[in-house]
Amino acid sequence: DGGITQSPKYLFRKEGQNVTLSCEQNLNHDAMYWYRQDPGQGLRLIYYSQIVNDFQKGDIAEGYSVSREKKESFPLTVTSAQKNPTAFYLCASSTDREGNQPQHFGDGTRLSIL
Amino acid sequence: AQSVTQLGSHVSVSEGALVLLRCNYSSSVPPYLFWYVQYPNQGLQLLLKYTTGATLVKGINGFEAEFKKSETSFHLTKPSAHMSDAAEYFCAVSDPMDSSYKLIFGSGTRLLVRP
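Chains as they are written, first to last, in our numbering: chain A, 45 to 158; chain B, 21 to 135.
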């Protein structure tokens, strides 16, 4: 079955440490997205990529970095500059070329601070 | 800029009662509209979407939504709630004029179903 796989499901970060969240899709989608979810705030866009080797900042990119070296992979690094990283992180992908196609979501990674 | 308002962070209904979850958007151009459902510690699953055509849209699990341009609304309904409908529901919009095709999400409504 096609889908989006996020790993790990739970992740713990120490002070001053960078951590990387994995997102892999086998849907052959061009566009991929990273969202952060905090209780009562819905989803906020961190970064997105519409094509390999290109990505754009979303609304809350500070303290995060991404890469898009392969179509199926879009890893997110939470750097030590992100002072409040505790949240649920969701990766999504879409075949969208016109804005009218839904995004497909992975099951998320929950990041906590040790 | 687009924005989405979901009225009511929590909605509680009895099993078998009507479910109504409200969503209003602000946009000068009619957006593409989506409803997603999220169960605990899971990702989001698409319930239904409106892009063009018929304004009453039917989705999975017996849900439907109606696009009302004059009211800038896209409320989600289900005639009879089931215990398995208890989850968080998100309304989202995409601006047809924005080439990034980003989704803007509302803050979500948690649906509680009482036995």
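For glycine and all other residues, C-beta sits at the position ideal for the given N, C-alpha and C.
Worksheet item: Going straight from the alpha carbon of P135/B to that of L38/B, what length do you get?
Response: Numbered from its first residue, the second sequence carries residue 135/B at position 115. Numbered from its first residue, the second sequence carries residue 38/B at position 18. Roughly 14 Å separates the two Cα atoms.
Worksheet entry | The beta strand (DSSP E) enclosing E68/A, as first and last residue numbers | Reading the first sequence from its first residue, position 24 is the one you call residue 68/A. Segment 63-69, the beta strand (DSSP E) holding E68/A.
Practice prompt. From the DSSP output, in three-state form, read off M117/B for me.
Written response: Numbered from its first residue, the second sequence carries residue 117/B at position 97. In this structure, M117/B counts as coil in the three-state DSSP scheme.
Discussion item. Closest to Q62/B by C-alpha separation, out of P129/A, G150/A, N97/A, G60/A, would be which residue?
Written reply: In the second sequence, the residue the question calls residue 62/B occupies position 42. Closest option to Q62/B, Cα to Cα, is G150/A.
Item to complete: Could you give the DSSP three-state label for I104/A: helix, strand or coil?
Response: What you label residue 104/A is simply residue 60 of the first sequence in a count that begins at 1. If DSSP states are grouped into helix, strand and coil, I104/A belongs with coil.
Practice prompt. Tell me whether D98/A sits in a helix, a strand or coil according to DSSP, three-state version.
Written response: Here the question's residue 98/A lines up with position 54 in the first sequence. D98/A: strand per DSSP, three-state reduction.
Worksheet item: Nearest chain B C-beta to G46/A closer than 7 Å, yes or no?
Response: Within the first sequence, numbered from 1, the residue matching residue 46/A stands at position 2. So no, G46/A is outside the interface.
Discussion item. Taking the beta strand (DSSP E) that H95/B belongs to, which residues open and close that run?
Written reply: Your numbering for residue 95/B matches position 75 in the second sequence. Residues 93-98.
Worksheet item: Between the C-alpha atoms of L132/B and Q94/A, what's the straight-line distance to the nearest angstrom?
Response: Stepping through the second sequence from its first residue, residue 132/B is reached at position 112. Stepping through the first sequence from its first residue, residue 94/A is reached at position 50. Approximately 37 Å, taken between the alpha carbons.
Worksheet item: In chain order, what residues of the region 22-33 of chain B put their CB closer than 9 Å to some CB of chain A?
Response: V24, Q26, S29
Worksheet item: Out of I48/A, R57/A, K53/A, which has the shortest C-alpha to C-alpha gap to I157/A?
Response: Here residue 157/A is taken as the residue at index 113 of the first sequence, counted from 1. For I157/A, the nearest C-alpha among the options comes from R57/A.
Worksheet item: For M76/A, which residues does DSSP report across the bridge?
Response: Indexing the first sequence from 1 puts residue 76/A at position 32. Note: M76/A sits in a beta bridge opposite S93/A, S137/A.
Practice prompt. Name, in chain order, the residues that DSSP records as bridge partners for V133/B.
Written response: Residue mapping note: residue 133/B aligns to position 113 of the second sequence, counting from 1. DSSP, once it has assigned bridges, lists V33/B as partnering V133/B.
Worksheet entry | Endpoints, the beta strand (DSSP E) within which F49/B is located | For the purposes of this step, residue 49/B is identified with residue 29 of the second sequence, where counting begins at 1. The sequence shown places Val at residue 49/B, not Phe. No beta strand (DSSP E) contains V49/B, which DSSP labels as neither H nor E.
Discussion item. Between which residues of its own chain and T64/A is the CB-CB distance below 6 Å, once the five residues before and five after are set aside?
Written reply: Reading the first sequence from its first residue, position 20 is the one you call residue 64/A. Correct list, in chain order: P119, T121.
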